[in-house]
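Shown next, in structure tokens, is the structure this report addresses.
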Amino acid sequence: MNRLYPEIAVAQISKAGEELCGDKVEVARTEAATTVVISDGLGSGVKANILATLTTKIASSLLKRNVPITEVVPTITETLPVCRERKIAYSTLQIIKLLPDCMATVVEFDSPTTFLFRGGQVVPFPTEARNIGGKAIREGRLLLGEGDIIVAVSDGVIHAGIGGLLKLGWDWPGISAELAAHCSPSDDAEQIAEHILGCCNGYYLGQPGDDSTVVVIKLRRPRNLTLFTGPPANRDMDEQVVKRLMGGEGKKVIAGGTTANIVSRVLGLPVTVDLDYQDPEIPPIAKIGNLDLVTEGVLTLTAAIGRLHDIRKLRASTRRDGATLLARLLYEADRIDILAGTAVNPAHQNPNFPAQINIKAQVLANLRNALEDLGKRVTVEWV
Amino acid sequence: MSTLRIEVCLGTSCHLMGAQDIIDAIENLPPDKRSKIDLRGVTCLKTCRKGPNARVNGIILSEITPERILTVIEDNLA
Chain A
1 MNRLYPEIAV AQISKAGEEL CGDKVEVART EAATTVVISD GLGSGVKANI
51 LATLTTKIAS SLLKRNVPIT EVVPTITETL PVCRERKIAY STLQIIKLLP
101 DCMATVVEFD SPTTFLFRGG QVVPFPTEAR NIGGKAIREG RLLLGEGDII
151 VAVSDGVIHA GIGGLLKLGW DWPGISAELA AHCSPSDDAE QIAEHILGCC
201 NGYYLGQPGD DSTVVVIKLR RPRNLTLFTG PPANRDMDEQ VVKRLMGGEG
251 KKVIAGGTTA NIVSRVLGLP VTVDLDYQDP EIPPIAKIGN LDLVTEGVLT
301 LTAAIGRLHD IRKLRASTRR DGATLLARLL YEADRIDILA GTAVNPAHQN
351 PNFPAQINIK AQVLANLRNA LEDLGKRVTV EWV
Chain B
1 MSTLRIEVCL GTSCHLMGAQ DIIDAIENLP PDKRSKIDLR GVTCLKTCRK
51 GPNARVNGII LSEITPERIL TVIEDNLA
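Respectively, the protein sequence lines represent chains A and B. For the record, in the first sequence the residue sitting at position 227 is 227 according to UniProt numbering, with numbers rising by one throughout. For the record, in the second sequence the residue sitting at position 2 is 2 according to UniProt numbering, with numbers rising by one throughout.
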């Protein structure tokens, strides 16, 4: 059975006039759990950012080492200082932990109530008051299912518009109603996060009175992609590698002309190059049967890495060149298995060609880094 | 009407050596000539060192230039 995948999106704006956001979000994905830690530092700007960063880093590091939440909260509340002037907590803390079996634990310490968006209805994530180390927290556990969405916000979102457009601010019921009316369980996490943050900014009339953060976690079926690039070292392995590609779950992509020819030969299907869309920088894409994408190799991969470094631009791009299409498919996947051929292409050993063409391993290492920075799980198998 | 099939290699080497210029030269032919050419792209003609390469009616031509491909077209359509 496919385990469900937690798709996570974070959207933030800083208080007007501040460069740094005083809210911090730390996402940690391990085999054992996915943990999201959110902290809202006292005040705004640098001070708040430092406090929130300390809080999330400490909490995240402890949780990654399987320290129980009951120990994480007092460790943080006892370690970091209390504001001398206001005598209140240095920062809020909210932890959302998801186990592979979809059991979710939510811990709230001075943070707004977490939203549970299920089947079009929005309700508070069920929690109970607890006392941990003398601190009043709320904690709850719930088994989630496919399509369930958890939304966490900082109080900047709750208070949006206060004293201005909205006398008492947007508040929890207002956000809840917005989620139910204008967000759909079929939306991706980023769409929902951007929508709520956009409304929040609107209520502030573009001049946020506080740092505002929206975190959306959506549980859905995982999206896998297998990328085959470069001919195997030994020609006898061609058939076996193509079988691996075709047997893989999810989308199938080929990057490389010779690689495309190998797949074409093994499958007995022609390669058709698409000359309808021309791009001076990126060689054209091709088509083989119902494979999801066939591109040129190293130039396209290098350009795709560049596009993955600016996701906002990638999402807005209307270009249909191989690198943009490849970057988009990779961005949409959660797990990417790369089958990398080790055959050396003597034609690529030309000193006049760009440096990256001769260092395919480096290109794939860069691709892996770019994807892992986006929270993807990547495997590279040299064949 | 008989057509002239031209397959231009669009592999990495040929792309870097100017395969796109060959495509552009063919695409920019006057309509009466362009309509007589069956232009296709191929992923590799396995003559990477001598790119850009094109296959004209089954014969591989290497180190081609836009001028040369236009001459070949003239010769074959004549």
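Backbone N, C-alpha and C fix where the C-beta goes; we use that ideal spot for every residue, glycine too. Keep in mind that this is a model prediction, so the values were computed, not measured.
### Query
Using DSSP with H/G/I as helix, E/B as strand and the rest coil, what is glutamine 240 of chain A?
helix
### Query
Of the choices A:Glu71, A:Lys97, A:Asp110, A:Leu42, whose alpha-carbon is the least far from that of glutamate 85 of chain A?
Nearest C-alpha to glutamate 85 of chain A: A:Leu42.
#### Entry: From A:Leu325, A:Cys183, A:Ala16, residue whose alpha carbon lies closest to that of glycine 147 of chain A
A:Cys183
### Query
Any idea what DSSP makes of proline 222 of chain A, helix, strand or coil?
coil
#### Entry: leucine 299 of chain A and isoleucine 288 of chain A closer than 8 Å at C-beta
no
### Counted within 10 angstroms of its Cβ, other Cβ atoms place glutamate 7 of chain B as buried (16 or more) or exposed
buried
### Task
Would you grab the beta carbon distance between leucine 4 of chain B and isoleucine 37 of chain B for me? Rounded to a whole angstrom, and I think it's under 8 Å.
5 Å
### Residues within the region 18-40 of chain B neighbouring chain A, beta-carbon criterion of under 9 Å
Those would be Ala19, Gln20, Ile23, Asp24, Glu27, Leu39, Arg40, in chain order.
### Query
Does any C-beta atom of chain A lie closer than 8 Å to the C-beta of leucine 61 of chain B?
no
### Task
Give the interface partners of glycine 289 of chain A over in chain B, defined as CB-CB distance under 7 Å, in chain order.
Ordered by position in chain B, no residue passes the 7 Å Cβ test against glycine 289 of chain A, which lies about 14 Å from the chain.
### Query
In chain A, what lies closer than 7 Å to leucine 77 of chain B by C-beta?
Ordered by position in chain A, no residue passes the 7 Å Cβ test against leucine 77 of chain B, which lies about 20 Å from the chain.
### Message
Can you tell me which residues form a DSSP beta bridge with residue 400 of chain A?
### Response
What the structure shows of chain A is the stretch from 1 to 383, and residue 400 of chain A is not part of that stretch, so it cannot be assessed.
### Query
Can you find a CB in chain B that lies within less than 8 Å of the CB of threonine 30 of chain A?
no
### Task
State the CB to CB distance for the pair threonine 213 of chain A and serine 176 of chain A, rounded to an integer number of angstroms; the pair is presumed to be in contact (CB under 8 Å).
Their Cβ separation, rounded to whole angstroms, is 17 Å, which puts threonine 213 of chain A and serine 176 of chain A out of contact at 8 Å.
### Message
Measuring only from the beta carbon, is glycine 209 of chain A closer than 7 Å to any heavy atom that is part of the ligand SAH?
### Response
By its list of ligands, the structure shown contains no ligand whatsoever, and the ligand SAH lies outside what it can speak to.
### Task
Would you mind giving the Cβ-Cβ distance between lysine 24 of chain A and serine 39 of chain A, rounded to the nearest angstrom? I have them listed as a contact below 8 Å.
5 Å
### Message
Is it the case that the region 45-56 of chain B contacts the region 16-26 of chain B, given that we only count it when at least three CB pairs across the two stretches are under 8 Å?
### Response
Pairwise C-beta distances place the region 16-26 of chain B in contact with the region 45-56 of chain B, as three or more of them are shorter than 8 Å.
### Task
Let me know the secondary structure DSSP gives isoleucine 60 of chain B once reduced to three states.
strand
### Query
Can you tell which of A:Val273, A:Gly133, A:Leu308 has the C-alpha that lies nearest to the C-alpha of leucine 293 of chain A?
Nearest option by C-alpha distance: A:Val273.
#### Entry: Rounded C-alpha distance that separates valine 266 of chain A from aspartate 279 of chain A
29 Å
### Query
Ends of the beta strand (DSSP E) at alanine 255 of chain A?
Run containing alanine 255 of chain A: 251-255, per the beta strand (DSSP E) assignment.
### Task
Whole angstroms is fine: what's the gap from glycine 256 of chain A's alpha carbon to leucine 70 of chain B's?
29 Å
### Query
Shorter than 8 Å from the beta carbon of arginine 5 of chain B to some beta carbon of chain A?
no
### Query
Counting only runs that start and end within the region 317-352 of chain A, where is the beta strand (DSSP E) found for 3 or more residues in a row?
335-340
### Task
Determine the direct distance from the alpha carbon of threonine 302 of chain A to that of aspartate 321 of chain A, and round the result to whole angstroms.
13 Å
### Task
Would you please verify whether the beta carbon of glycine 11 of chain B is less than 8 Å from any beta carbon of chain A?
yes
### Query
Looking at C-alpha atoms only, which residue of A:Gly120, A:Val344, A:Thr114 is the closest neighbour of threonine 127 of chain A?
A:Thr114
### Contacts around leucine 77 of chain B, its chain only, beta-carbon distance under 7 Å, and the 5 residues preceding and following it disregarded
Leu4, Lys33, Lys36
### Message
If you follow the alpha helix (DSSP H) that isoleucine 196 of chain A is in, where does it begin and where does it stop?
### Response
Residues 189-203.
### Task
Report yes or no: is there a C-beta of chain D within less than 8 Å of the C-beta of threonine 65 of chain B?
Here the protein chains are A and B, and chain D is not one of them.
#### Entry: Collapsed DSSP secondary structure at glutamate 85 of chain A in the structure displayed
coil
### Task
Assuming leucine 330 of chain A and leucine 371 of chain A form a contact by the criterion Cβ under 8 Å, report the distance between their Cβ atoms to the nearest whole angstrom.
6 Å
### Message
Tell me which residues share the same chain as methionine 237 of chain A and place their Cβ nearer than 8 Å to its Cβ, disregarding the 5 neighbours each side in the sequence.
### Response
Val383
### Message
To test your reading of the DSSP string, which unbroken alpha helix (DSSP H) runs of 4 or more residues are found completely within the region 141-191 of chain A?
### Response
155-158, 171-182
#### Entry: Between the CA atoms of glutamine 94 of chain A and serine 61 of chain A - distance to the nearest angstrom
14 Å
### Task
Could you name the residues that DSSP lists as bridge partners for asparagine 131 of chain A?
BP columns for asparagine 131 of chain A point to A:Ala136.
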